[in-house]
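Below: one structure, written as structure tokens.
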């Protein structure tokens with residue numbers, strides 16, 4: 079194929095990633111470590127423009143990290159396995175409510191014990207939903223999952239046991255140990271100085287300063303990212319890809335597609351539940367209003383905006399979806415309108431998402447090249 | 237509130253009639269979903285907004301005429317027609333605009349269907365927020381004083397002047413069937429009949445069926461598929477406009493987000509009946525309306541929506557193509 083006369087020009091992104099790939103390994107590792115350290119220090123650095131003036135920056139970053147986590151989980155379902163899930167918030171809610179019930183309402187478990195239970199509960203709910211519904215076709219799955227998300231919320235609204243519409247408060251926090259304080263930077267224009275009055279305690283999970291929660295969420299996010307890389311490159315990842323591209327062919331090739339779809343669904347639910355548990359613990363209270371259908375749609379938007387199937391893309395998409403509304407709080411009234419416009423513009427002008435997976439870029443280019451050889455124009459299916 | 241099986245049996249007629257009126261509105265909205273899905277295999281997520289614009293158009297048309305008429309029957313009919321024309325024209329216009337702005341550019345590029353859904357969601361947000369922010373928007377261009385009657389309290393409910401006074405026409409069991417019930421159910425049936433005739437008996441209807449079955453072959457046979465898609469959206473918009481007027485007569489108030497839940501339910505009804513199937517939309521709508529009413533009578537009204545979604549899940553498990561199967565759309569593997 080490379081011998082073909084029609085060679086597409088490398089894009090900026092390609093030449094950038096090629097240049098990074100060409101670096102010697104120690105440099106690459108150093109770059110990654112630097113990036114991770116920068117991410118951890120972000121709330122302390124409080125960079126101007128990026129920092130949010132109206133809300134605690136650590137809290138906003140926590141939201142960004144949780145959304146990224148959710149997007150990673152949903153990306154397994156939508157991006158890898160190709161199953162459209164419009165009720166993902168249901169799993170998020172199962173995780174959050176399990177933590178809430180176990181740590182405050184009906185038992186007073188420590189959070190660290192409740193989180194694994196929450197995650198397992200969420201996984202089980204994913205399997206329970208998946209076994210009957212994964213046999214139905216794609217679009218129906220979307221609507222069935224949408225129904226599931228709403229059912230979970232309505233059950234919470236209508237059960238005394240789950241706190242009804244008022245929700246559950248006084249949730250458990252992660253255990254705190256105060257080791258030392260980290261001062262924040264304060265910026266005057268472009269000049270930075272260390273502000274000793276404004277500190278984040280390591281590691282106290284408080285109500286005002288949300289930075290420790292961000293560190294926790296970021297740690298979990300990085301672990302999940304790592305697991306995601308491992309699983310995507312394994313046999314399982316290839317099976318998902320085959321199932322997504324053509325289920326019948328995959329089945330003929332010996333891939334038990336139903337099992338792998340169920341696995342994708344369960345893993346998605348697992349990560350969703352984990353994100354929900356984290357969110358519940360940081361928030362301290364939960365109510366059914368935190369789990370509206372709108373959030374499912376936001377999550378799907380994050381995945382598709384970023385480029386479904388590409389983990390970096392969906393993390394970036396989630397970061398945008400979570401961050402922009404917080405940064406521009408002064409335009410609160412207009413933000414849904416602007417968000418809707420942005421979704422439409424993106425769909426029309428960049429339908430493959432901001433960062434499409436390399437594989438689909440390759441496939442598209444190959445398709446174009448074949449088209450050029452066969453002499454047909456742009457396909458307009 | 238009292239619930240349980242005896243409650244259901246005691247109020248069976250009442251629940252059936254109100255369930256049918258609810259179902260009639262679901263069915264009319266479901267038509268829009270089912271036709272677009274049949275032709276494009278696209279969930280037109282913004283169809284709920286097409287309906288919502290119809291409710292506002294009907295309300296504003298009546299307000300512009302000076303509120304509810306006091307006079308004779310002819311006057312009432314005139315007012316209703318005005319509301320109907322306004323709602324149908326607006327809904328159809330919004331549906332066509334949607335097709336032009338949010339979907340056609342994507343179809344031209346052959347974008348994946350999931351992207352079309354994202355575009356639809358974006359369009360839905362934009363349309364709903366324009367109504368929800370109408371006071372701010374008219375304020376920005378300095379028109380809010382002249383239009384204050386129409387734009388104030390943009391995020392609250394807007395009432396519909398009572399044109400049709402509810403009157404009991406005849407008794408059925410222990411329930412007095414009202415004129416509103418009769419209007420809603422019969423209009424939905426007539427609308428459905430007309431649409432069914434149009435799709436099955438006319439030249440344009442044949443075009444719709446052809447594109448739904450196989451758009452490429454249809455194009456080779458000389459069917460202008462862009463026109464057919466426009467026509468599909470137009471018909472869906474007309475049905476939504478009729479639904480909007482019926483909804484306003486029955487419920488009497490609307491909001492910028494009134495379309496959302498109703499849209500989800502209507503889509504559920506479409507899937508229930510067999511998506512892409514016009515008669516399926518009717519059956520699905522009525523079944524859903526009845527099931528919601530019976531279900532909430534047995535276990536309580538707060539579970540109404542849960543009943544709807546559970547019914548959907550159960551039906552899809554045992555009959556994945558819906559109650560009547562998919563007929564407008566092609567048979568897919």
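Residue numbers (the working numbering), protein chains in the order written: chain A, 79 to 459; chain B, 237 to 569. Where is the CB? At the ideal position from N, CA and C, for every residue including glycine.
Task: Straight-line gap, residue 434(A) to residue 293(A) (C-alpha atoms, nearest Å) - done: Between residue 434(A) and residue 293(A), the alpha-carbon positions lie close to 28 Å from each other.
Open item on the list: When you measure from the CB of residue 348(B) to every non-hydrogen atom of the ligand MN, does any distance come out below 7 Å?
Closed with: Ligands in the displayed structure: none, and consequently the ligand MN is not present.
- [ ] Ignoring anything shorter than 3 residues or poking outside the stretch 395 to 434 of chain B, list the beta strand (DSSP E) runs there in chain order.
- [x] Qualifying beta strand (DSSP E) stretches, in chain order: 404 to 408 and 411 to 414.
Open item on the list: Measuring straight from C-alpha to C-alpha, what distance separates residue 403(B) and residue 253(B)?
Closed with: Rounded to whole angstroms, residue 403(B) and residue 253(B) show a C-alpha spacing of 15 Å.
Open item on the list: Across the stretch 262 to 281 of chain A and the stretch 297 to 305 of chain A, are there enough close Cβ pairs to call them in contact, namely three or more that are closer than 8 Å?
Closed with: The stretch 262 to 281 of chain A and the stretch 297 to 305 of chain A do not touch, with fewer than 3 CB-CB distances between them shorter than 8 Å.
- [ ] Have a look at residue 356(A) and residue 190(A) and give me their C-alpha separation to the nearest angstrom.
- [x] The straight-line gap separating the alpha-carbon atoms of residue 356(A) and residue 190(A) is approximately 11 Å.
TODO: Name the one or two DSSP bridge partners that residue 230(A) has.
DONE: In DSSP, residue 230(A) forms no bridge with anything.
Task: Given residue 550(B) as reference, the closest of 173(A), 219(A), 346(A) and 166(A) once Cα atoms are compared - done: Closest by alpha carbon: 219(A).
Open item on the list: Let's see if you can read the secondary structure: which residues bound the alpha helix (DSSP H) around residue 361(B)?
Closed with: 349 to 368 is the extent of the alpha helix (DSSP H) around residue 361(B).
- [ ] Would you kindly work out how many angstroms separate the C-alpha atoms of residue 521(B) and residue 166(A), rounded to a whole number?
- [x] The alpha-carbon atoms of residue 521(B) and residue 166(A) are separated by roughly 26 Å.
- [ ] Report yes if the C-beta distance between residue 150(A) and residue 343(A) is below 8 Å; otherwise report no.
- [x] Cβ distance not < 8 Å, so residue 150(A) and residue 343(A) don't count as in contact.
TODO: Give every residue of the same chain whose Cβ lies closer than 6 Å to the Cβ of residue 247(A), excluding the five residues on either side of it in the sequence, and list them in chain order.
DONE: Here the set comprises 363.
Open item on the list: Can you check whether the C-beta of residue 254(B) is within less than 8 Å of a C-beta belonging to chain A?
Closed with: Look at residue 254(B): its C-beta is not under 8 Å from any C-beta on chain A.
- [ ] Look up residue 261(A) in the DSSP assignment and say whether it is helix, strand or coil.
- [x] DSSP places residue 261(A) in strand when its eight states are reduced to three.
- [ ] Could you name the residues of the same chain whose beta carbon sits closer than 6 Å to that of residue 459(A), not counting the 5 residues immediately before and after it, in chain order?
- [x] Reliability fails at residue 459(A), whose pLDDT of 39 lies under 50, so the model's placement of it is uncertain and no value is given.
TODO: Compare the C-beta of residue 221(A) against all C-beta atoms of chain B and say whether one is closer than 8 Å.
DONE: Contacts with chain B at 8 Å (Cβ-Cβ) include residue 221(A).
Task: chain A contact for residue 336(B) (CB, 8 Å cutoff) - done: Any Cβ of chain A closer than 8 Å to the Cβ of residue 336(B) would place that residue at the interface, and such an atom is absent.
Open item on the list: For a cutoff of 8 Å on Cβ pairs, would you count residue 270(B) as touching chain A?
Closed with: Residue 270(B) does not count as touching chain A.
- [ ] Can you give me, in chain order, the residues of the stretch 350 to 363 of chain B that have a beta carbon less than 9 Å from any beta carbon in chain A?
- [x] When C-beta distances to chain A are compared with 9 Å, the residues of the stretch 350 to 363 of chain B below that value are 350, 351, 352, 353, 354, 355, 356, 357, 358, 359, 360, 361, 362 and 363, in chain order.
Open item on the list: Using only the alpha-carbon positions, how far apart do residue 542(B) and residue 288(B) sit?
Closed with: Put simply, the backbone Cα of residue 542(B) is about 23 Å away from that of residue 288(B).
Task: Residue(s) in a DSSP beta bridge with residue 270(A) - done: Within the DSSP bridge table, the entry for residue 270(A) names 265(A) as partners.
Open item on the list: Counting only C-beta atoms, is residue 435(A) closer than 8 Å to chain B at any point?
Closed with: Interface flag for residue 435(A) against chain B is unset, since no Cβ pair is found closer than 8 Å.
Open item on the list: Which complete alpha helix (DSSP H) runs does the stretch 420 to 455 of chain A hold, if anything under 4 residues is left out?
Closed with: Listed in chain order, the complete alpha helix (DSSP H) runs (minimum 4 residues) inside the stretch 420 to 455 of chain A are 436 to 452.
- [ ] Indicate the three-state DSSP secondary structure (helix, strand or coil) for residue 364(A) in the structure shown.
- [x] Look at residue 364(A) here: in three-state DSSP terms it is strand.
- [ ] Give the C-beta separation of residue 366(A) and residue 245(A) to the nearest angstrom, bearing in mind that I take them to be a contact with Cβ-Cβ under 8 Å.
- [x] The C-beta separation of residue 366(A) from residue 245(A) comes to about 7 Å, placing the pair in contact by the 8 Å criterion.
Task: Chain-order list of residues whose beta-carbon lies under 6 Å from that of residue 260(B) (same chain, five-residue window excluded) - done: Correct list, in chain order: 420, 421 and 424.
TODO: State buried or exposed for residue 430(A), treating a residue as buried only when at least 16 other CB atoms are found within 10 Å of its CB.
DONE: By the neighbour-count rule (16 or more Cβ atoms within 10 Å), residue 430(A) is buried.
TODO: Starting from residue 279(A), follow its DSSP beta bridges and name the residues at the other end.
DONE: Residue 279(A) is bridged to 259(A).
Task: Paired residues, beta bridge with residue 490(B) - DSSP - done: For residue 490(B), the pairing in a beta bridge is given by DSSP as 394(B).
Task: Within chain A, the residues that residue 504(B) reaches when beta carbons sit closer than 8 Å - done: The contacting residues are 221 and 225.
Open item on the list: Going by DSSP, what residue range makes up the alpha helix (DSSP H) through residue 200(A)?
Closed with: Run containing residue 200(A): 189 to 211, per the alpha helix (DSSP H) assignment.
Task: DSSP state of residue 79(A) mapped onto helix, strand, coil - done: At residue 79(A), the pLDDT of 40 sits below 50, so the modelled position is not reliable and the matter cannot be decided from this model.
- [ ] Closer than 9 Å by beta-carbon distance: list the chain B residues that pair up with residue 394(A), in chain order.
- [x] When 9 Å is used as the limit between beta carbons, residue 394(A) is near no residue of chain B, the shortest such separation being about 16 Å.
Task: Bridge partner(s) assigned by DSSP for residue 246(A) - done: Residue 246(A) has 364(A) as its beta-bridge partners, per DSSP.
- [ ] Go through its chain and collect everything with a Cβ distance to residue 133(A)'s Cβ below 8 Å, but skip five positions before and after it.
- [x] Here the set comprises 404 and 407.
Open item on the list: Whole angstroms are fine: how far does the CA of residue 271(B) sit from the CA of residue 456(A)?
Closed with: Interpretation of residue 456(A) is limited by its pLDDT of 47, a score under 50 that renders its predicted location unreliable; the figure taken from the coordinates is listed afterwards. In this structure, the CA atom of residue 456(A) is about 28 Å from the CA atom of residue 271(B).
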